[in-house]
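Q: Below is the structure I would like to discuss, written out as structure tokens.
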Amino acid sequence: KAIFPHDGFTDKYRHLAYHGGMLNFGFYHHIWRLFPTSTTRPMSKDEFSPKEYERKCQELRDDYAIQTYPYLYKLTICPEYNPLLLDMLLHPFDGPFYWERSAHTKLDRIKIPTYCLSRWSAWAIHLPGAFDAFGHINAPKKLTITETPWEGGFGRPWYENHDLVLRWYDHWLKGNDTGVMDEPPIRIFVKGTNEWRYEEEWPLKRTQWTKFFLRQGGMLSQVPPEPHERPDSFVNDPWQSPGEKSSCVTFATTPLKEDVEVTGPSALYFFAALSTEDANWFVNLWDIASDGSRTLVTKGWLKASHRELDEKKSRPYQPYHKHLRKLPIKPDEVYEYAIDIRDTSYVFKAGHRIQLLFKGQDSPWEDFFIWYHINNMNETKHSIYHDSRYPSYLLLPVIPK
2 KAIFPHDGFT DKYRHLAYHG GMLNFGFYHH IWRLFPTSTT RPMSKDEFSP
52 KEYERKCQEL RDDYAIQTYP YLYKLTICPE YNPLLLDMLL HPFDGPFYWE
102 RSAHTKLDRI KIPTYCLSRW SAWAIHLPGA FDAFGHINAP KKLTITETPW
152 EGGFGRPWYE NHDLVLRWYD HWLKGNDTGV MDEPPIRIFV KGTNEWRYEE
202 EWPLKRTQWT KFFLRQGGML SQVPPEPHER PDSFVNDPWQ SPGEKSSCVT
252 FATTPLKEDV EVTGPSALYF FAALSTEDAN WFVNLWDIAS DGSRTLVTKG
302 WLKASHRELD EKKSRPYQPY HKHLRKLPIK PDEVYEYAID IRDTSYVFKA
352 GHRIQLLFKG QDSPWEDFFI WYHINNMNET KHSIYHDSRY PSYLLLPVIP
402 K
């Protein structure tokens, strides 16, 4: 009669297996310890003929990136060690394998009342799933986005939201008037001011979509770039020691004159050249306080060769990638990239700065260990262009006071 999907997901490829085309290795490595290994086998063994299965495993063993991860290399020989992860390795692109196992292809079939709930720091899996489900289910529905003290999520057994769950089920299963359906459909926790607020739609109709251009000198500015601004570069070294911070490039606003609220999905459009035939892009949005301390606001990812967009599903504020094939990349040639940056609701305080950070791999200093992705194992120079010919910009959903 009713459901309450709590921290779910809808797209097995984009939310769970591959972020921007990069394998979500850390999650599948971590989560598999919860499953019995003696009763499982990779589904790929049933999908492919023995000859095709072995050919695909050999292709993985020949991959330089796989060779540098002994755990992954071992899976191609002993698949029962982590059959779920091997299935992901053998299906690097979106397609029927993921469509059959994803809710997003079936959301229009849900006709019962649905309450979706997630948290802002669930960038990798659950947050986009909650928004996708809420946006496409055609039934009585509600959405709450809250926050937890750490990226690992809610305390077990998810006690923080029991009262809300009971209000929902008491209304639909017992017929009690709990008032839950008298409230606006969306309830969000606004970080920065740490206040709850109700909304009627997503994205918000009053959003002022604002371009912040990447500028010379590491600036983020609403003023478009000038001709002859020189690109900014960093060299990503996949062989750095675990204690080293990843190389990066940052762009930041000047100290804000007043509070700025950013609520909704964001997008990054930028022009860049690589010194190799493929690489990974990681982008983080930070709040830099006047004392130099910083808070991570939201994230985005993209493997460069997966830059092809689905024009029908993309929106200016939310690019949607096909992930059906690799597009070739010529070293040192400039290409345009678009990255979907996960939804957020955050107030940057006056005197703080909005900072955009580019890097080429996960960092043990900054990234939660579960969301670890396979590195591009070639040392790569990333050059980001930002001039009048290549006007790279960050599109933010600024909410007027």
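Just add 1 to wherever you are in the sequence shown, counting from 1, and you've got this note's numbering. Virtual Cβ for every residue (Gly too), placed ideally from N, Cα, C.
(1) Taking a contact to mean a Cβ-Cβ separation below 9 Å, would you say L395 touches I342 in this structure?
(2) Taking the CB atoms as reference points, tell me whether K2 and W173 lie closer together than 9 Å.
(3) Who are the Cβ neighbours of Y391 in its own chain at under 7 Å, not counting the five residues just before and after it?
(4) Leaving out the 5 sequence neighbours to the left and right, which residues in its chain are closer than 8 Å to V191 when beta-carbon positions are compared?
(5) If Q362 and N281 are in contact, beta carbons under 8 Å, what's the gap, nearest whole angstrom?
(6) Can at least three beta-carbon pairs, one atom from the segment 6-20 and one from the segment 112-119, be found at a separation below 8 Å?
(7) State yes or no: is the C-beta of A351 within less than 9 Å of the C-beta of D288?
(8) Where do the N-terminal and C-terminal ends of the beta strand (DSSP E) with Y338 fall, by residue?
(9) Spell out the partners DSSP gives P225 in its beta bridges.
(10) Just the C-alpha distance for S276 and S248, rounded to the nearest angstrom, thanks.
(11) Between I1 and P320, is the Cβ-Cβ spacing less than 9 Å?
(12) Alpha carbon to alpha carbon, how far is D178 from F98? Give it in angstroms, no decimals.
(13) Using a Cβ cut-off of 9 Å (strictly closer), state whether T277 contacts chain D.
(14) What's the C-alpha gap between F252 and P329?
(15) Could you tell me whether the Cβ atoms of H30 and L91 are closer together than 9 Å?
(16) Alpha carbons only, please: which of N162, I113, A123, T145 is nearest the one belonging to I138?
(17) Looking at D279 and A305, is the spacing between their C-beta atoms short of 9 Å?
A: Taking the geometry as given:
(1) In contact: L395 and I342 (Cβ atoms closer than 9 Å).
(2) It is a contact, given that the beta carbons lie within the stated cut-off.
(3) Excluding positions up to five away in sequence, the list reads F272, V335.
(4) If we look at V191 and ignore the five residues flanking it on each side, its Cβ neighbours are W197, R198, E262, T264, S346, Y347, V348.
(5) Indeed they touch by this definition, with Cβ atoms about 6 Å apart.
(6) Output reads yes: the segment 112-119 touches the segment 6-20.
(7) It is not a contact, given that the beta carbons lie outside the stated cut-off.
(8) It spans 336-349 - the beta strand (DSSP E) in which Y338 sits, taken as one unbroken run.
(9) DSSP lists no partner for P225.
(10) In this model, S276 and S248 are separated by some 15 Å (Cα to Cα).
(11) This structure does not reach residue 1, given that the chain is present from 2 up to 402, and the question cannot be answered.
(12) Answer to the nearest angstrom: the Cα atoms are 43 Å apart.
(13) Absent from the structure is chain D; it holds one protein chain and no more.
(14) Roughly 28 Å between the two C-alpha positions.
(15) The Cβ-Cβ distance between H30 and L91 does not fall below 9 Å.
(16) Looking only at N162, I113, A123, T145, the smallest Cα-Cα distance to I138 is reached by I113.
(17) The Cβ atoms of A305 and D279 sit closer than 9 Å to each other.
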